[in-house]
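Student: 1 is the number of the first residue of the sequence shown in full-length UniProt numbering; add one for each residue after it.
Backbone N, C-alpha and C define an ideal beta-carbon position, used for all residues, glycine too.
Here the structure is a predicted model, which is why all the values come from computation and not from measurement.
Quick one: structure below, then a few questions.
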Amino acid sequence: MREFVFALEYEPGCNRVADTLADHPDARIRSLSLHATAERLWRVDHATGTPDALEDIEDAFLTSDYYADCLATDDCGATQTTQVLDRTDDTLVLYSDWERTPTCASVPHIARDHLGDGVLFETRHERRHYTWRIVHSGEGDTAAFFDALEAALGDRARMEMLRTATTETEARTGDANSGANGLAPEQEAALRAAVEHGYYESPRAVDVSELADHLDVPRSTLTYRLRRAEEHLAKQHVASEQLVDGPSTSL
1 MREFVFALEY EPGCNRVADT LADHPDARIR SLSLHATAER LWRVDHATGT PDALEDIEDA
61 FLTSDYYADC LATDDCGATQ TTQVLDRTDD TLVLYSDWER TPTCASVPHI ARDHLGDGVL
121 FETRHERRHY TWRIVHSGEG DTAAFFDALE AALGDRARME MLRTATTETE ARTGDANSGA
181 NGLAPEQEAA LRAAVEHGYY ESPRAVDVSE LADHLDVPRS TLTYRLRRAE EHLAKQHVAS
241 EQLVDGPSTS L
């Protein structure tokens, strides 16, 4: 099996959900289930955030021209049904059923075209960053997939590769596209710069905005890279401890 993880960073005005999450930086959306056939796509998403954030997220899903990951630049004429499955003060669960047209394109459908059937998808959406994790048999044409995806995205989003792996072990320890600690080069560079410039000192010598200016990257991009790097290293540390000590006991 082969796995790769990449992020799409949408430009303002190019994706209603991304715009909504940019207005609510603490809100998150992650997929609970995502399935695609040649003609359709079904997904269930779990959103967290403040009541105001969830209201805006629900509105973006229900009232905008948001066709479950469709990348068409013009009105594609797709048919989508979205339902609220569950809601609390800080969570929202949404079901989307999307029937594509000949002009529609999406990450799952492009993946089916170039990576074959049986592809698994997992997504996470925060601010303008839309992260995709794809697991496939390894027999498809990955280069053709990314070429087709970049062509479909045009100038509406920037793509950043975060990780690739061919085995479970490589997914934990890194591969040819990652450093020895398993971080993507952009994440490792961001983390090194943060340490060298005193971002992790107490008190901090620089804040995120100052560090972003120094690195000449958008603040949101740097924040995203640091958060993903911190998450990866934390999970890697816990996993290594469990391998040595065995599973933790219940509290």
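Assuming L92 contacts E58 (C-beta within less than 8 Å), just tell me the rounded distance between them.
Tutor: So it is a contact: roughly 6 Å between Cβ atoms.
Student: Once DSSP output is grouped into helix, strand and coil, what is the label at A193?
Tutor: Correct three-state label for A193: helix.
Student: What residues are listed by DSSP as bridge partners for V44?
Tutor: In DSSP, V44 forms a bridge with S33, Y95.
Student: Checking 8 Å against the spacing of the C-beta atoms, do H136 and L153 come in under that value?
Tutor: Cβ distance not < 8 Å, so H136 and L153 don't count as in contact.
Student: Is the region 155–165 in contact with the region 2–13, if contact means three or more CB pairs nearer than 8 Å?
Tutor: Segments in contact, yes.
Student: For V195, count the other beta carbons within 10 Å of its own beta carbon; 16 or more makes it buried, fewer makes it exposed. Which is it?
Tutor: Exposed, by the Cβ-count rule.
Student: Output needed for F6: all residues of its chain with C-beta closer than 7 Å, excluding positions within five of it in sequence on either side, in chain order.
Tutor: Excluding sequence neighbours, F6 sits near W132, M159, E160, M161, L162.
Student: Which term fits S106, buried or exposed, when burial requires 16 or more other beta carbons within 10 angstroms of its beta carbon?
Tutor: When all chains shown are included, S106 counts as buried.
Student: On a CA-only basis, which of T223, F145, V206, A190 is nearest F4? Give me that one, please.
Tutor: Looking at the Cα atoms, F145 is the closest of the given residues.
Student: Is it the case that the Cβ atoms of S31 and D45 are separated by a distance below 8 Å?
Tutor: Cβ atoms of S31 and D45: closer than 8 Å.
Student: Please go through the same chain and pick out, in chain order, the residues whose beta-carbon is closer than 7 Å to the beta-carbon of D86, but skip the five residues on each side of it.
Tutor: Correct list, in chain order: V93.
Student: Do you know how far the Cα of T82 is from the Cα of A36?
Tutor: Approximately 16 Å between the Cα atoms of the pair.
Student: Would you mind sorting A165 into buried or exposed? The rule is 16 or more other CB atoms within 10 Å of its CB.
Tutor: A165 should be labelled buried.
Student: Give the range of the beta strand (DSSP E) segment to which D23 is assigned.
Tutor: Unbroken run through D23 is the alpha helix (DSSP H), 16–23; no beta strand (DSSP E).
Student: On the DSSP bridge list, what partners appear for T81?
Tutor: D97, per the DSSP bridge assignment.
Student: In the DSSP assignment, what are the bridge partners of D86?
Tutor: BP columns for D86 point to V93.
Student: If we ignore side chains and look at the alpha-carbon of each, how far apart do V17 and P218 end up?
Tutor: Taking the straight line from one Cα to the other gives about 19 Å.
Student: Can you tell me the Cα-Cα spacing of S33 and G198, whole angstroms?
Tutor: Between S33 and G198, the C-alpha separation is close to 40 Å.
Student: What does the Cβ neighbour count give for S96, buried or exposed, with the cut at 16 atoms within 10 Å?
Tutor: Classification of S96: buried, given that the 10 Å Cβ count is 16 or more.
Student: Excluding the 5 residues preceding and the 5 following L149 in the sequence, name in chain order all residues of the same chain whose CB lies nearer than 6 Å to its CB.
Tutor: Cβ within range, chain order: I110.
Student: With distances taken Cα to Cα, identify the nearest neighbour of Y224 among C104, H129, C14.
Tutor: The residue with the shortest Cα to Cα distance from Y224 is H129.
Student: Using only alpha-carbon positions, find the residue among T79, E122, D89 that is nearest to D52.
Tutor: When only C-alpha atoms are compared, the closest one is D89.
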